Every structure is written in structure tokens, then in C-alpha cells.
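Worksheet: the structure to be examined is printed underneath.
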Amino acid sequence: MMPYKKGEIIFVTKSESKQSPAKFILVADEVDLESAARNVFEIMLVEWGYTKPQLMISVVGGSRRFNVKENQKNVFVDGIRQLTKTTGTTWLMTSGSNVGAVTVVGEAMTRISVKVRDKVSCIGVTSWSGTDGKNTILEHRKLGRSFSFHEKTRGEQDNIAFASPDEAEDNAAKSGIELTSTRYDDNSGENFYTCYYKPPQLKKEGPVPLNPYHTHFIFVKKNDPDEEEHFRVKLWAEIQKLLTSGSLGQEDRPAAVVMIQLEGGIDTTRTVRNTLKKNTPIIICEGTGRASNYLSYACKHCDSLRDLHDRYPGYFKRMIDIAHPGVDAQEHRTLLENLLSNIKDVMEMKNLIEIFDMDGELEKAGFDLAVLRALLRARGVSIEYLRLAFDWNRSDIAEEMFKKDTINLRDSDTQELMTRALLERENRVGFVALLIENGLALDEYLTLDRLEHLYQSHASKSLIPILKEKRSKLSYKGDIIPLIRRLMHSYYKPPKLIDENKFDKPYRELLIWSILTNRPGITEYMWENASEPLSLGLVATRLYRSIASLAADPDEAAKTAEQADEFENKVCLYLSALDALDEDVTTSLLRTPRPTWGNQTPLDLGAVSESKKFLSHFCCQEILEERWNGQLLHPTHLKVFLVMMLPILLLTRKLTKFKTDMNIFRRFIEFYCAPITKYVVNWVTTFLFLVFYSYMTLYYRPEVALADILLHVWVLTLLVEELRQMIIPRNEYESVYQRFRAWLSIFWNWMDLLGVLLTLVAFLIRFNTLGEPWTYDVSRNLYAIACTTFWILILRMYQSNKKLGPFLIMIRKMMWALYWFLLVLIVFVIAFGIAGIAILSPNQNPSPRVLRDIFFYPYYQVTVGDWQTYTDSLHGDDAEAALETLDGYVYSILLAAYILIGNVLLLNLLIAIFSTVYNKVESNSLTEWKYNRYFVITEFEDAPPLAAPLVVLGHLYRLMYWATKCCRTTPKLREKEKSKLLYKQNELKRYESEAMDNYRRHAKERQKRSNEETLRKLDERLRMLLEKVRGIEEGQQKILAMKREIKTAKIN
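Converting from the sequence shown to the numbering used here requires adding 11 to each position, the first position being numbered 1.
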């Protein structure tokens, strides 16, 4: 390779205080075009380390007579910016001059996103003789180093830019300007140049300055200017040829090359024609004027040049007159014939032209769409352009390719694109859907190995620590399945693999993968196309909420919690679509167990996922109401209580009605097994127990009487019932761990257990050390605390009440808020307590009483406020004496500050916190009550018909029933039950699929209505603005009329 001169140009402009250097290559006196182009590529790709582009865009157009509307410039700039954002590595190639269409490209370079700026290069192939200020480029700084400014004034910058290296450093030091010097170890030594270039003003004729927003320049230098221009154009074309041929050796895939024409004249028309001859597609920006207009009109509406002359009579002659004034008639005719010949050639190759309407198409499409269409016109449909459409995330273009049905994809190609679509950082849901719709079998695609690869490749994007830590070492069976079980609270049964490598429900597996790896777009698509969307939507909600609790970043946790709420809303909308389709099918779906998810019904999954809106849905509430009433028809608590007290009323059929006719024995069973009846029975027995316990506590005696034994037997039966709820599963699919976890999650169970244990401990102390004085006091206090606990438990029965239930929720949330408030209050309490005790009682001996006073004295001051009485009761004369000394004044100041903070600030803060909690719960009180109602109904459904102390009889009956059932149920019978369940599920799947179609249709309609509403509001605002403008204009006209009248009056 001959030693080309190269280096860096640092532009000094008014608009940028710091301009990145532009690299340049000077191709001087080169003869061989291909050799010159390859040498340029070797410098750029090998020596400078740039990447071969996926797309090269050549921009041609007008120069000195360039005249484009400002809005069209904005369309072009925004189009280039959007195009570079959606494509990969891109080269923009222009003439490099700071005039005409090139200035618009330069403006587009300033608007390119910072994220993709490293992938975009703007290259100017420039004539050396036509460059204004070219001597500056080679005459200064043959140094191998460059400077960049950190802060400077305009005059000081110029002093440094156009000085020698040593002078530059001296001037910078004198002006207090910091320079960064970079030295280059260049093999060519003295052939590397660094200069500062201040673009001169554009002249009417002659050389033009360089555009300062280009990243590279390729200068072409010849002795003859005309020969230099011809060689420049041919070198440009040769660069395009090498990129499209794929013969550079850096990559196998050739680059896509397209040209954009923006306005222009005779020379631009010739360039377009020559480019089309090389089979390069062109995008003509219609509406920008001159060549763009007549070429777009010719390609769209004309069959011959005569049609074009009719549209533009005399136009082309005037173009020749303006471009070549003073030529003779013969030369004028020759130029006109050449122009018309070029236009005719362009018309014949219009299949390579894509017309882009600059005034109308930006809203509908974009430059990236126009570029892809142009490439398809030139090359046709191929896997390469399908990959290009994928890189640019244009699934609409890919859909057009598939509709043409001319693309032949191998299974390996579709699987490769599917994997890329799933793993791409940006949303590629459109491509996922397109590949599946066009023949990709997901059950064949998703193997165990590929799923593990998906987890390993995208684990770094997950919010779950274990996925981030293991990454490439992740195993589906060893890591993913245990993780899913943990996130689902163990309600998950791993799928059975087909042929030990494939999944029977790939949509479900990809949905879980997309949630765990934070791919929300893929999640929604997989949910909409999976079987059992109702249960899967609730599972997605549970997974999102579990991940939010594990996320370390609070912002990410909040975002994931929002995704959980969004999915819950989608499930509710889908449930409404199901109900609109068929109410009976919806009820059956909500009642059908799901084997994969611990045999839980969708109602149970709603509770597991904490989906309050879902459980509050009227479909769920209807089922819960039906379960609450059992076989009773429209029961009330009063009716149930009366029948419970007088069972003979069941014979009358007046107070109690049943849903179906049944004999008297069955009525008794159904009545006492209904959850509402169990609830009333528990109300009555609990009230009797509390009265009995309160009596025994108030009239406590050291001697153990028969009433004491009866009370403790009653408490023991409560303990047995609590143990049953704690460890006995509700069905064969629930594990002991799941039962215990569910028990722990309910606050009232802890209170139950506390009261029982306090009673039993009090009894043991009293029984084992009978006669000891201290045991009497200890056991009596324990009984009193236990009695208080049991009375608090009466609140539990309020949960089923529509009015009282929300108050319990408020109390629970206020207690949690109070916990955080006390952490703040305790700081001031301790601080003032220590200071107060030290001042009021300076002569105390160390004792536990001091620690008590430190906490209780300031607490008493905040709550009661009578500090003098409490001080006298604690310290007597010492406190009074302390107040009459210097210590008293200090104490008074501290007390005033403490009262201000404690009584005024903190107590009002607590009131504000409680008010916020109240308002928040009050606004969602109905939803909260409906959600908690599920747990009340589930508890009493599972409870024995008889309450304590007769609950033991119910336990014995259940034990006998379980034993006989195990003996009676055979494996064949179980298989028969499973086959019936499978048939039922297959029937329901068809309804779920149809309901999902309705859900998608309704979602599109809602989006459309939302867009229409937005447009309506915008239209109203525009009308208001127009009315205001009219009002202003009318006001101005009145003012002018008044001025004229005043002027006329003065003249008269």
C-alpha cells in the first residue's frame, strides 16, 4: 500500500466548545480505483479498528441552490436519527462540503443518540481542490499528537488552534486553559497530521469549506480538477461496490447500500442514473423540490417523457439556462438531451426506486421502512434481508417478506432468528409472533438444552440474585425448578419432559423464563397464546410479586410490583371476557384444580398471588358466596342462629331453605356443614368460652376446682384444633410445609396459640408448685394476659362483616405504621429520659429502677403531660430541690424542647400517618374486605361442624373417614378420576382460547377508544387556542381602528 497522508482535523466552531476530531485520508495521484478503495478500507478497518458497516447510506442532493423547507429538513433529520437508532453499524457518505444537502446530514449527526453514536460514521468523499482552507490541513502539526479543550473563550481558542505545538501549550498556560495532548504511534511517521480547522464563510463561487460534523474525510487529489472530480465520484462508487460484494474479508455478510436523494439538480439527476445502473436502490425524497420532484413524478405517473413535459413545460430548459448560462444553442441542446436521457433511464429503472413523501409519510412509516423497501426492490426477498429487518426491528417488513411467499427458510434459520428474538435486549415480540405464525413449531424448538441456554444468556438481566450469581452454570433441574417452587411458595409441580429433552407446554416454560429474566413483552405474548391463561396469569402475578420482594434496587422492586398489578388487571379483564362468553364455563374454570400448580384452583392461586382485585371480581365473589352458604338458600346469621338453637325448625322449611330437595337427615348434615353455620356456632361457643374464662380469671382461687379442669380441657381442645390447622393438609395435593406456611401467614393463628400456651403455662406453674406464694401471683397474671388475648381474638369474627372488616385492616396497617413511628420516638424518649433523671435525681444509686424511669418518665410526659405529679411520685424532695437550682433551669429548657417535639411534632405526625392509612384503606375498603373474605370462607369450610370443646368428636370422625377412604379407593378408581379431570380440562381449554380472542379484540378496542379520546382532547385544546388567537387578532384590529380614529380626530 502506498503511504497515504492521514491524520486528524479538530474543528473550531462557535456551536461546540469541544469538537471530536475527524480522521482523514488523502488519496493523492492514485490511478487504480480498486487499489485506492482497498487501501482506504485497510486504513479504516485494520489500522484504525473500525467495524465494517451493516448499512451504508449515500446522500446526494443540491448544493449552492439548495432550497428545502424547514419542516422537511426536520423530517429528514428525524428520519436519519431514527434510522441510526434502529440499525446496527451505519456509514453515512456525502461529498463532505458544508453546503446544501450535506449540511442537513451534518445537522442529523448532531441529533443522533449518544447510545448509538459510536456505531455511526459520517464520511465525506471530498475533492481536495474544491476544499476551502485545505492548506491548513497539511501545513500545521506534523506531530503525531492532538489537543482537546476543557474550557476556553473564543479568542483564546483561536490563539491555540492556529499556533505551533509549543506556542499552543504556552498560550494555553497563559490563558489558564487545560489541554489534553494525545500522541500517536503511527507507522507512517511524518505522514500523520493533526490540525485545527476553522470553517471559512461560504463563498458564492469556488472552493467550499468542510462540514464540521463529519467523522471521516477521504480527500481525492489530482493535478487536473476535472479529473479529480471524476476520480472522486468513481472512488465513491468503488467503495459501495466493495461493501456490497462482501470481498473485504472482515465479515462474510455484505453490507446493504442505499442512496438517498434530497432535492438536487442536473448533476444529482446524473448521479442517480449512474447509481441505478449499478443496481443500487435509491430513495427519492418527494416534495423537497427540483430533481426530487420531477423524478418522483416521472416514476409514479409517467409512461414517457411526453407526460413529463406536459407536467413541467419548459422547466428543463430553464434548468439548463440557470446551471450553464451563456452556452451556445448546440451545447444547450446537447445538455438538454443528456438531462432528458438521464431522466428516461431513471424511469426505466424505477423498480429500484422507493418514493418517500416528505410531507406525509413520517407518521405512517419512517426512513428505516423506506430503506428496507428499497433494498427489497433491488435484491428481492432473502434470508440476509430478513436478518436486516430483524436487526432494525422492523417486523412489518419481515411480514411483507413472508406474505410474498418467496423466502425459503431452513429450520436452522428460523430457530436462530427465534433465539435472537428472545435474547435481544430490545423488544422483538413482533418477530417472535411472526416466526411462530409462519411455521416455527415451538414444541420442537424449545428443548431442555435451549431453555438452559436462554436462562444462562439472559441471567444478568434478572432481578433475582441466584440467577445473576450462577449465570453460565445455571441448570434447569438443579437451579430453576427449586427457584420456581420457592417463588410460588411450593405450589409448583415440575413438568414431565417428552423424550427427556422437550416440553409438553413450551409457552408456559417461556412465560416463566421471560418473567425470571425480566422480559415483559415476551411475557405478555406467551400468556396470550398459552393454554390455561387464567391460571398462568395468576402465576405470573405471584412470580412478579416474589421477584419484587427479592430485588435489591428499590426502583426495580417498585417497577416489578407495578408489572404484577398490570398482570392482575389483565387477568381480571380476561375473566370478564370469559364471563361474557359463558357464566357456567367461567364458574367451572374457577373451580377446576390445576395439577401443575399444586392442584390449586384459580381461586386458590388468586390467594397465593395476593390478587385482591381478582378475588374481588364479581365472578369470584359469586363462587365464594355459594361456598359460604353451602346448600342453604339465602341464609342470614339470625336465621342460622335460631335454627341452631332450635334444630326442630329444620322440619318447618320456613326459616331455612335448601337449593335442592333432600330428606331430613341430609338437611341436618348440610345445615351444620355449611360454613356460615360453622361461623355462627363458633361465634356462640367463643362468646361462652370468653365469659367462662373471664369469670375464672376474675374469681381466681389457688385451689384447683372442677371448673378449672373444665376450662383447661376446653383450652386443650383449642390446642388440638390449632395443631390440626397447622400441620394437617386440606387435601392430598397439599403438603405439610404448605399447610404450615399458610398457617404462619395468618396473624390470628399466632394470637390463638399465644393464648393457649399462656393458659397451659399458668396451669402448670399453679399445679406443680401449689402452695408457694409467688406461684399464685405469676399464674394469676398469666391467666389475665391470656384472657386479654382471647378477648382480642373476638375481632377475628368481624372479618366476615362488610362494615367491620375494613376496620380490622386499618388497625393492622396502623400497627405497622406505629412500629416505624416508635423507632423514631424512642430516640427522643431515651435522650430526654437520661437527661431528666440525671438532673432531677443526681444522687441515685445504680438500680433497675433507673432504667425503668428513663423510659417511663418521658413516655408519661408525652401521653399524660402532668410531669410535676409524676416527678413528685418518683423523687419527692430531691426533684423539687433540683428545680430550684441551675439544674432546674436546664431541665426546664430540655422539657420545653421535648414537649415541642413530642407533644406537638411527633404526635401530630402520628395522627397524619394514621389519617393517610385510613384514607387509603377507606378508598379500597370493599376490595380489601372481599379479599380477606376468601380466607374466612376457606377457614370455616375446612373447620369441623362442631366447635370446641366438642371439636374432638369432629377430629375422630375425620380420622375414621380418612382411613375408610384409603381402604376403599383403588388405583383404577384414581385413574378414572384423573381421566375425567383431563377430559374436563380439555373441554375448558377451548373456551379459554375463544375468550382470549375476545380479550385481545376488546383490548384493541380500548386502545382505539383511548387514542380517539386523546385526539378529541387535543382537538378541543386546538380549538381553544384558535379562539384565543382570533380574540387576540380581533383585539389588535380594534386597537388599530381606535388609533386610526384618534389620528383622524387629530387631523380634523
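Every residue, glycine too, gets a C-beta built ideally from N, C-alpha and C. Predicted model only: the values in this text are computed from it and were never measured.
In angstroms, rounded to a whole number, what distance separates the CA positions of P505 and A568? Counted from its first residue, the sequence shown places residue 505 at position 494. Counted from its first residue, the sequence shown places residue 568 at position 557. P505 and A568 have their C-alpha atoms some 27 Å from each other.
Within the segment 523–580, ranges of the beta strand (DSSP E) (whole runs, at least 3 residues): Taking only runs of at least 3 residues, no beta strand (DSSP E) segment lies wholly in the segment 523–580.
Rounded distance between the beta-carbons of F203 and I36, thought under 8 Å: For the purposes of this step, residue 36 is taken as the residue at position 25 of the sequence shown. For the purposes of this step, residue 203 is taken as the residue at position 192 of the sequence shown. 11 Å between Cβ atoms; not a contact.
Grab me the residues of S473's own chain with a C-beta within less than 7 Å of its C-beta, minus the 5 sequence neighbours each way, in chain order. In the sequence shown, residue 473 corresponds to position 462, counting from 1. Excluding the 5 residues flanking it on each side, S473 has same chain C-beta neighbours closer than 7 Å at K479, L527, T528, N529, in chain order.
Option nearest L351 by Cα separation, candidates R384, L911, R317: Indexing the sequence shown from 1 puts residue 351 at position 340. Of R384, L911, R317, the residue nearest in Cα terms is R317.
Counting along the chain, where does the beta strand (DSSP E) carrying M67 start and finish? If you number the sequence shown from 1, residue 67 lands on position 56. It spans 66–72 - the beta strand (DSSP E) in which M67 sits, taken as one unbroken run.
How many angstroms separate the CA atom of I1043 from the CA atom of L1033? Mapped onto the sequence shown, residue 1043 falls at position 1032. Mapped onto the sequence shown, residue 1033 falls at position 1022. Here the alpha carbon of I1043 sits roughly 15 Å from the alpha carbon of L1033.
Less than 6 Å between C-beta atoms, sequence neighbours within five positions excluded: which residues of the same chain meet that for V131? The sequence position of residue 131 within the sequence shown is 120, counting from 1. The beta carbon of V131 sits closer than 6 Å to the beta carbons of T95, T101, I123 from its chain, once the five residues preceding and following it are set aside; these are given in chain order.
Cβ atoms of V726 and V767: under 7 Å apart, would you say? For this step, residue 767 is matched to residue 756 along the sequence shown. For this step, residue 726 is matched to residue 715 along the sequence shown. Result yes, Cβ atoms of V767 and V726 sit closer than 7 Å.
Once you ignore the five residues that flank I333 on each side, which residues in its own chain have a CB closer than 8 Å to its CB? The residue given as residue 333 occupies position 322 in the sequence shown. R76.
Roughly how many angstroms separate the alpha carbons of N222 and L346, rounded to a whole number? For the purposes of this step, residue 222 is identified with residue 211 of the sequence shown, where counting begins at 1. For the purposes of this step, residue 346 is identified with residue 335 of the sequence shown, where counting begins at 1. One C-alpha to the other measures close to 31 Å.
If you draw a straight line from the C-alpha of M55 to the C-alpha of V38, how long is it? One-based indexing of the sequence shown puts residue 55 at position 44. One-based indexing of the sequence shown puts residue 38 at position 27. Taken atom to atom, the span from the alpha-carbon of M55 to that of V38 is near 13 Å.
Indicate the three-state DSSP secondary structure (helix, strand or coil) for H225 in the structure shown. For the purposes of this step, residue 225 is taken as residue 214 along the sequence shown, with counting starting at 1. Looking at H225 - three-state DSSP - the assignment turns out to be coil, as it is neither helix nor strand.
Evaluate H241 with the Cβ neighbour count: other Cβ atoms within 10 Å of its Cβ, from every protein chain shown; 16 or more gives buried, anything less gives exposed. The residue labelled residue 241 in the question sits at position 230 within the sequence shown. Around the Cβ of H241, a 10 Å sphere holds fewer than 16 other Cβ atoms; the residue is exposed.
When you compare the CB positions of L3 and S622, do they come within less than 7 Å of one another, or not? The chain is shown only over 12 to 1063; residue 3 falls outside these bounds and no answer can be derived.
7 Å Cβ cutoff met for L921 and F866: Locating residue 921 in the sequence shown gives position 910, where the first residue counts as 1. Locating residue 866 in the sequence shown gives position 855, where the first residue counts as 1. Not a contact, by the Cβ cut-off of 7 Å.
Local conformation of S108 per DSSP, three classes: On the sequence shown, position 97 is the one that residue 108 refers to. DSSP, read as helix, strand or coil, puts S108 in strand.
Could you tell me how far apart the beta carbons of H1013 and V731 are, in whole angstroms, since I believe they sit closer than 8 Å? Taking the first residue of the sequence shown as 1, we reach residue 1013 at position 1002. Taking the first residue of the sequence shown as 1, we reach residue 731 at position 720. Between V731 and H1013 the Cβ distance is about 52 Å, and since that is not below 8 Å, they are no contact.
Assigned exposure category for D1030 - 16 Cβ within 10 Å defines buried: Taking the sequence shown and counting its residues from 1, one reaches residue 1030 at position 1019. Of the other Cβ atoms in all chains shown, fewer than 16 fall within 10 Å of the Cβ of D1030; this residue is therefore exposed.
Residues in its own chain within less than 6 Å of Y503 by CB, not counting five upstream and five downstream? The count along the sequence shown starts at 1 and reaches residue 503 at position 492. Answer for Y503: I495, R496, listed in chain order.
Under 7 Å between the Cβ atoms of I948 and R605? Locating residue 948 in the sequence shown gives position 937, counting from the first residue. Locating residue 605 in the sequence shown gives position 594, counting from the first residue. No, the pair does not count as a contact, with Cβ atoms beyond the cut-off.
So I271 and I68 are supposed to be a Cβ contact under 8 Å. How far apart are they, rounded? What you label residue 271 is simply residue 260 of the sequence shown in a count that begins at 1. What you label residue 68 is simply residue 57 of the sequence shown in a count that begins at 1. Confirmed, Cβ separation roughly 6 Å.
In terms of alpha-carbon separation, which member of R243, P476, N82, E952 lies closest to A563? By 1-based counting over the sequence shown, the position of residue 563 is 552. Nearest C-alpha to A563: P476.
Could you name the residues of the same chain whose beta carbon sits closer than 6 Å to that of V962, not counting the 5 residues immediately before and after it, in chain order? In the sequence shown, counting from the first residue as 1, residue 962 sits at position 951. Once the five neighbours on either side are set aside, the close Cβ partners of V962 are T728, E732, P955.
Closest by C-alpha distance to L616, when choosing among N640, I558, T552: Here residue 616 refers to the residue found at position 605 when the sequence shown is read from its first residue. Checked all of N640, I558, T552; the closest Cα to L616 is T552.
Going by C-alpha distance, which of A432, D237, Y830 is nearest I924? Position 913 of the sequence shown, counting from 1, holds the residue named residue 924. Nearest neighbour of I924 by Cα position, chosen from A432, D237, Y830, turns out to be Y830.
Can you tell me where the beta strand (DSSP E) with S138 in it begins and where it stops? Walking along the sequence shown from the start, residue 138 turns up at place 127. In the DSSP annotation of this structure, the continuous segment of the beta strand (DSSP E) that includes S138 starts and ends at 131–138.
With DSSP as the reference, label F77 as helix, strand or coil. Taking the first residue of the sequence shown as position 1, residue 77 is located at position 66. Looking at F77 - three-state DSSP - the assignment turns out to be coil, as it is neither helix nor strand.
Evaluate K1054 with the Cβ neighbour count: other Cβ atoms within 10 Å of its Cβ, from every protein chain shown; 16 or more gives buried, anything less gives exposed. By 1-based counting over the sequence shown, the position of residue 1054 is 1043. By the neighbour-count definition (other C-beta atoms within 10 Å, threshold 16), K1054 is an exposed residue.
Looking only at its own chain, which residues have a Cβ that is under 6 Å from the Cβ of I492, when we skip the five neighbours before and after it? Residue numbering aside, residue 492 sits at position 481 when the sequence shown is read from its first letter. Excluding sequence neighbours, I492 sits near P505.
Could you tell me how far apart the beta carbons of M330 and G275 are, in whole angstroms, since I believe they sit closer than 8 Å? Numbered from 1 along the sequence shown, position 319 holds the residue referred to as residue 330. Numbered from 1 along the sequence shown, position 264 holds the residue referred to as residue 275. Actually they do not touch by this definition, with Cβ atoms about 11 Å apart.
Which of the three DSSP states, helix, strand or coil, is assigned to Y711? Along the sequence shown, read from residue 1 onward, the residue named residue 711 stands at position 700. For Y711, the secondary structure class from DSSP, reduced to helix, strand or coil, is coil.
Segment contact, 8 Å Cβ cut-off, at least three pairs: the segment 624–635 with the segment 676–686: Because the criterion of three Cβ pairs below 8 Å is not met, the segment 624–635 and the segment 676–686 do not touch.
When DSSP builds the beta bridges, which residues end up paired with A39? On the sequence shown, residue 39 is found 28 positions in, with the first residue counted as 1. The partner list for A39 (beta bridge, DSSP) reads K232.
Which partner residues does G18 have in the DSSP bridge list? Here the question's residue 18 lines up with position 7 in the sequence shown. According to DSSP, G18 bridges with F35, Y204.
Assuming Q810 and L804 make a contact with CB atoms under 8 Å, what is their CB distance in whole Å? Working through the sequence shown from its first residue, we reach residue 810 at position 799. Working through the sequence shown from its first residue, we reach residue 804 at position 793. Contact between Q810 and L804 does not hold, since their C-beta atoms are separated by about 11 Å, which reaches or exceeds 8 Å.
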